[in-house]
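Inspection log for the structure reproduced underneath, given as C-alpha cells.
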Amino acid sequence: MSLRKQIMDDLKTAMKAGQSETVAQIRGITAKIKDLDVAARAKSAEVTDTDIISALRSMIKSRTESATMYREGGRPELAEKEEGEIATIKSYLPPELDEATLKAGIEEAVKKTEAAGMKDMGKVMAALKERFGADLDPAKASALVKAHLSA
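Residue numbers (the working numbering): 3 to 153.
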C-alpha cells in the first residue's frame, strides 16, 4: 500500500472514530502532500513515497524546533501539542536504521567513493542515499559521516 493511501485510510478511520485531534494532525500531513502535488505539477513530475517521506522528516524537524521554543518560553501545553504531531508523523516513516548498520554503510560508502576528507562528504551522502533510499535519516547520517571523515 502506498504511503499516500495509508494516510488517507487513517484519516477516514480517525474521522469515523471521532478522534478530532488525530484528524487535525493527519490533515496537516495531507496538506503538505497537496503542496508537494502542486509543486510537482509545475514540473510535470509525480510525487513518490520518497518525496513524501522527505517532507514528513522536514515537518518533524520544524515541529521539534517549535516544541523546544515553546518549552523555553514557558508554554508546555503548546510543546505537548507539537510533540503529539511529531508522534503521528513518525508513525508514517519507515523504521530507523540502527546505528551499527548505518556505520557499516558509511564505511562502505567511504571506501566506494574513496573519500579522503570533509570535502568528499557530498559523495558519501549520495552513496548512502542510493543504498538506503527512504530509510536513511539524512540528519543522523550527516552527523555520523562528519564524525567518520573528521577522525
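All residues carry an ideal CB built from backbone N, CA and C; glycine is no exception.
Answer with buried or exposed for residue i, where buried requires no fewer than 16 other C-beta atoms within 10 angstroms of its C-beta.
| i | result |
| --- | --- |
| glycine 2 | The structure shown does not extend to residue 2, since the chain spans only 3 to 153, so no value can be given for it. |
| arginine 65 | buried |
| alanine 128 | exposed |
Out of the options, which one is the CA nearest neighbour of residue i?
| i | options | result |
| --- | --- | --- |
| valine 49 | Lys92, Met61, Lys36, Arg59 | Lys36 |
| valine 112 | Ser144, Glu98, Ala42, Ile54 | Ser144 |
| glutamate 23 | Ser46, Leu38, Glu79, Gly86 | Gly86 |
| proline 140 | Leu99, Ser46, Leu80 | Leu99 |
| lysine 125 | Ala136, Glu109, Asp137 | Glu109 |
| arginine 133 | Gln21, Thr115, Ser60 | Thr115 |
| aspartate 53 | Ala42, Ser46, Lys63, Ile62 | Ala42 |
Could you check how far apart the C-beta atoms of residue i and residue j are, in whole angstroms? I think they sit under 8 Å.
| i | j | result |
| --- | --- | --- |
| leucine 58 | leucine 95 | 6 Å |
| arginine 29 | leucine 5 | So it is not a contact: roughly 16 Å between Cβ atoms. |
| alanine 16 | valine 25 | 5 Å |
Could you please give the first and the last residue of the uninterrupted alpha helix (DSSP H) stretch that includes residue i?
| i | result |
| --- | --- |
| valine 112 | 101–115 |
| alanine 69 | 51–74 |
| glycine 86 | 78–92 |
| glycine 1 | The chain is shown from 3 up to 153; residue 1 falls before or after that span and cannot be answered. |
| aspartate 39 | 22–45 |
| methionine 10 | 5–19 |
| alanine 145 | 140–152 |
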